[in-house]
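Data block below; observations after.
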Amino acid sequence: MIERNDIAETLKMIEHDHLDIRTVTIGVSLLGCASSDGKVFADKIYDKITKTAERLVPVCNEIEKTYGIPIINKRVSVTPIAIAGASLTKSEDFVLAAKAMDRAAHAVGINFIGGYSALVQKGTTDGDKRFLRSIPDALTETEIVCSSVNVGSTKAGINMDAVRMMGGIVREAAEKTADNNCMACAKLVIFCNAPDDNPFMAGAFHGVGEGESVINVGVSGPGVVCSAIKAMPDASITEISETVKRSAFKITRVGQLVAKEASRRLGIPFGIVDLSLAPTPAIGDSVARTLEAMGLETCGCCGTTAALALLNDAVKKGGVMASSSVGGLSGAFIPVSEDEGMIEAAKSGCLTIEKLEAMTAVCSVGLDMIAVPGDTSAAVISAMIADEAAIGMINGKTTAVRVIPAIGKNVGDMISFGGLLGDAPIMKVNTASPEKFISRGGKIPAPIHSLKN
Amino acid sequence: MNAVIIVTGKDSKGIVAKVSAKCVELGANIADISQTVMSGYFAMILLVETDGISVPFPDFVDSMEHLGGENGLVIKVMHEDIFNSMHRI
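These protein sequence lines map, in sequence, to chains A and B. Position 436 (the first sequence) corresponds to 441 in my numbering; numbering is contiguous. Position 50 (the second sequence) corresponds to 51 in my numbering; numbering is contiguous.
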């Protein structure tokens, strides 16, 4: 018999602490769709996506109903388009592919589609260059297509030519969507050590080593962890760590249950559960408030990096045992605009970009959903990407940059993206010029793996 | 399979009767009931066997939630596996 206390605890987590499944994402291989004809390629990928993901939304709705657990997003990730479309000869053909992805995503009723991506950590092919140049137009002319570019890895080093190019592409994307809150930049992320099986946007893509199709699930639950920490005001840090592990275990078990059930009902193999604590702008669903619950006055004060390190590690330790296969980004997310506590901390001036950069050294992802002044130069954006990629490369972890140069706005203003993407205060950026460093191009070689200091 | 039905709301006459009648109507067999009233607030947890229900499970959930709405109660129905997954290794 199920214990009454267990039923009450589960209900409280769902009703009060915002426990939900953040996303069920189907990874779809497009490697079989290659064609040098843009129209043929676009038609093939439309057919492949709509056929594979046809039943995703109805099946998720059934699962939601059966278990009483909300599934917030249904998504699709595809093989990086720069690889599947390597033989396309024009940048405009890639934009056609993006539009086909957008149409397919709308046709099956999903929330986002990711994989408008390129992997250029070691070098950039001619096809990659055509693809990269298409990103601003592709993101401007589509609604729910997400793009990512991997510019570095621990094994390959950092491709500084690609880093230089991406600074300009981020600016161009912002300018092209200036009348729509620079939305293109909210759908564009630049990675170092990008994972192949990430179900979260904007960085999801279906890795080339993956199978034909796969189900990856991302859980959420900062509210559950925050609530558990608040219930123990006098506990030691050791006790907090144990509590976070227990909460993460329970959260992940729900993810595992949903992933297995979605896999069974859709007849698509189960890939991984991503253990990330993913916040939303809703009150009570914040990673920043979870850190504050440990005893910090405001997120961003001294001690924040240590508290985040503890949280990130304990989430992984608790989650790993709860799932048969863990992957993706797995950790705590710190997107500024998508986290009510982060927004407040950034507004107050306590949370700065420099502190966020330090935090990215100990948690998953990186400088995420950060709005910067509209006149921030391409070189400064490239340099932010280079800094983040360096943290990822040296520490053997995933890092990323998703910054939004808010055209026409300055420090203290706000920019609004709506929905889960939230609102961001424009944050101060160090404007001293890294122009010369960025313009040199070339590569930062892969790091040495001994003499670790 | 088994499902857990959770009923909460302001106490009134006939709540147990209405919920159990609906279970019978839809073909669910009640295996266990636990019910209490605290300060005028009604709370009940039922464990029901749903193998013999006459409608698809999502429709069963809708019917029970609708019954709650009609009577000023909150009724939630959840597959037992979510509790077993979260609280048992």
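In this text, a Cβ means the ideal position worked out from N, Cα and C, and glycines have one as well. These numbers come from a predicted model, not from an experiment.
Residue range of the alpha helix (DSSP H) that residue i falls in?
{"i": "THR15 (chain A)", "result": "9-20"}
{"i": "LYS44 (chain A)", "result": "43-58"}
{"i": "ILE339 (chain A)", "result": "Premise fails: ILE339 (chain A) is in no alpha helix (DSSP H) and is neither H nor E."}
{"i": "ARG138 (chain A)", "result": "131-145"}
{"i": "GLU217 (chain A)", "result": "Taken as a continuous stretch (DSSP letters only), GLU217 (chain A) belongs to no alpha helix (DSSP H), as it is neither H nor E."}
{"i": "ILE86 (chain A)", "result": "86-89"}
{"i": "ALA109 (chain A)", "result": "96-113"}
{"i": "SER35 (chain B)", "result": "From DSSP, SER35 (chain B) is part of no alpha helix (DSSP H) but of the beta strand (DSSP E) over 30-39."}
{"i": "ALA376 (chain A)", "result": "Note, ALA376 (chain A): premise wrong, no alpha helix (DSSP H); beta strand (DSSP E) at 372-378."}
{"i": "LYS322 (chain A)", "result": "309-325"}
{"i": "MET79 (chain B)", "result": "Taken as a continuous stretch (DSSP letters only), MET79 (chain B) belongs to no alpha helix (DSSP H), being part of the beta strand (DSSP E) at 74-80."}
{"i": "LYS14 (chain B)", "result": "That residue, LYS14 (chain B), is in no alpha helix (DSSP H); it is neither H nor E in DSSP."}
Starting from residue i, trace the beta strand (DSSP E) both ways and give me its first and last residue.
{"i": "GLN261 (chain A)", "result": "Where GLN261 (chain A) is concerned, there is no enclosing beta strand (DSSP E), although the alpha helix (DSSP H) it sits in stretches over 242-271."}
{"i": "ILE7 (chain B)", "result": "3-11"}
{"i": "SER153 (chain A)", "result": "150-158"}
{"i": "ASP344 (chain A)", "result": "Per DSSP, ASP344 (chain A) belongs to no beta strand (DSSP E) and is neither H nor E."}
{"i": "LYS402 (chain A)", "result": "Careful: LYS402 (chain A) lies outside any beta strand (DSSP E) and carries neither H nor E."}
{"i": "MET45 (chain B)", "result": "42-50"}
Are residue i and residue j close, meaning C-beta to C-beta below 8 angstroms?
{"i": "THR51 (chain B)", "j": "ALA22 (chain B)", "result": "no"}
{"i": "LYS448 (chain A)", "j": "ASN164 (chain A)", "result": "yes"}
{"i": "ASP125 (chain A)", "j": "ALA89 (chain A)", "result": "The residue you asked about is not Asp; residue 125 (chain A) is Val in the sequence shown. Against a cut-off of 8 angstroms, the Cβ pair of ALA89 (chain A) and VAL125 (chain A) comes out as no contact."}
{"i": "GLY228 (chain A)", "j": "LEU426 (chain A)", "result": "no"}
{"i": "ARG27 (chain A)", "j": "SER241 (chain A)", "result": "no"}
{"i": "LEU356 (chain A)", "j": "CYS304 (chain A)", "result": "yes"}
{"i": "THR436 (chain A)", "j": "PRO410 (chain A)", "result": "no"}
{"i": "VAL406 (chain A)", "j": "MET419 (chain A)", "result": "no"}
{"i": "PRO452 (chain A)", "j": "ALA384 (chain A)", "result": "no"}
{"i": "CYS197 (chain A)", "j": "MET364 (chain A)", "result": "no"}
{"i": "ALA267 (chain A)", "j": "ILE412 (chain A)", "result": "no"}
{"i": "VAL17 (chain B)", "j": "ALA32 (chain B)", "result": "no"}
{"i": "LEU316 (chain A)", "j": "THR309 (chain A)", "result": "no"}
{"i": "ILE54 (chain B)", "j": "LEU27 (chain B)", "result": "yes"}
{"i": "GLY119 (chain A)", "j": "ALA207 (chain A)", "result": "yes"}
{"i": "MET237 (chain A)", "j": "ALA293 (chain A)", "result": "no"}
{"i": "MET87 (chain B)", "j": "LYS250 (chain A)", "result": "no"}
{"i": "ILE115 (chain A)", "j": "LYS70 (chain A)", "result": "no"}
{"i": "LEU93 (chain A)", "j": "ILE140 (chain A)", "result": "no"}
Given the structure, does residue i come close to the ligand GDP, in the sense that its CB is under 7 angstroms from one of the ligand's heavy atoms?
{"i": "PRO75 (chain A)", "result": "As presented, the structure is devoid of all ligands, the ligand GDP included, so that no description of it is given."}
Between residue i and chain B, is there a C-beta pair that is closer than 8 angstroms?
{"i": "MET389 (chain A)", "result": "no"}
{"i": "VAL29 (chain A)", "result": "no"}
{"i": "THR71 (chain A)", "result": "yes"}
{"i": "ILE12 (chain A)", "result": "yes"}
{"i": "GLN230 (chain A)", "result": "Per the sequence shown, the amino acid found at residue 230 (chain A) is Val instead of Gln. Cβ-Cβ to chain B under 8 angstroms: no for VAL230 (chain A)."}
{"i": "LEU61 (chain A)", "result": "no"}
{"i": "THR15 (chain A)", "result": "yes"}
{"i": "MET6 (chain A)", "result": "yes"}
{"i": "ARG294 (chain A)", "result": "no"}
{"i": "LEU262 (chain A)", "result": "yes"}
{"i": "VAL259 (chain A)", "result": "yes"}
{"i": "GLU302 (chain A)", "result": "no"}
{"i": "ILE74 (chain A)", "result": "yes"}
List the whole-angstrom C-beta distance separating residue i from residue j, where the pair is believed to meet the contact cut-off of C-beta under 8 angstroms.
{"i": "MET299 (chain A)", "j": "ALA314 (chain A)", "result": "Not quite, the Cβ-Cβ distance comes to about 11 angstroms (not below 8 angstroms), so this is no contact."}
{"i": "VAL222 (chain A)", "j": "PRO200 (chain A)", "result": "Actually they do not touch by this definition, with Cβ atoms about 14 angstroms apart."}
{"i": "LYS104 (chain A)", "j": "GLU146 (chain A)", "result": "6 angstroms"}
{"i": "VAL367 (chain A)", "j": "VAL434 (chain A)", "result": "Their Cβ separation, rounded to whole angstroms, is 22 angstroms, which puts VAL367 (chain A) and VAL434 (chain A) out of contact at 8 angstroms."}
In terms of alpha-carbon separation, which member of the options lies closest to residue i?
{"i": "SER444 (chain A)", "options": "A:GLY173, A:ILE31, A:VAL320, A:ILE12", "result": "A:GLY173"}
{"i": "ALA123 (chain A)", "options": "A:ASP142, A:ASP98, A:ALA91", "result": "A:ALA91"}
{"i": "LEU280 (chain A)", "options": "A:SER268, A:CYS306, A:GLU302, A:ALA253", "result": "A:ALA253"}
{"i": "GLY333 (chain A)", "options": "A:LEU101, A:ILE375, A:SER369", "result": "A:SER369"}
{"i": "LYS352 (chain A)", "options": "A:VAL367, A:GLY371, A:ILE375", "result": "A:ILE375"}
{"i": "GLY260 (chain A)", "options": "A:SER330, A:GLU217, A:GLY308, A:ASP239", "result": "A:SER330"}
{"i": "LEU144 (chain A)", "options": "A:THR130, A:VAL175, A:ASP131, A:SER158", "result": "A:VAL175"}
{"i": "THR285 (chain A)", "options": "A:PRO450, A:VAL341, A:ALA319", "result": "A:VAL341"}
{"i": "GLY132 (chain A)", "options": "A:THR257, A:ILE115, A:ASP98", "result": "A:ASP98"}
{"i": "ARG108 (chain A)", "options": "A:THR295, A:ALA264, A:VAL81, A:PHE338", "result": "A:VAL81"}
{"i": "GLY276 (chain A)", "options": "A:GLU244, A:THR55, A:LEU282, A:GLY214", "result": "A:GLY214"}
{"i": "CYS151 (chain A)", "options": "A:ARG251, A:MET188, A:MET18, A:LYS250", "result": "A:MET188"}
{"i": "ALA391 (chain A)", "options": "A:GLY157, A:ALA102, A:ALA110", "result": "A:GLY157"}
{"i": "GLY32 (chain A)", "options": "A:VAL230, A:CYS306, A:PRO85, A:HIS21", "result": "A:PRO85"}
{"i": "VAL83 (chain A)", "options": "A:ALA102, A:LYS95, A:ILE68, A:GLY371", "result": "A:ALA102"}
Within 8 angstroms (strictly less), CB to CB, does residue i reach chain A?
{"i": "ILE46 (chain B)", "result": "yes"}
{"i": "ILE6 (chain B)", "result": "no"}
{"i": "PHE58 (chain B)", "result": "yes"}
{"i": "PHE43 (chain B)", "result": "no"}
{"i": "MET87 (chain B)", "result": "yes"}
{"i": "ILE76 (chain B)", "result": "no"}
{"i": "SER35 (chain B)", "result": "yes"}
8 angstroms is my cut-off, CB to CB: does residue i come that close to chain E?
{"i": "MET79 (chain B)", "result": "Checking the listed chains, one finds no chain E in this structure; the protein chains it contains are A and B."}
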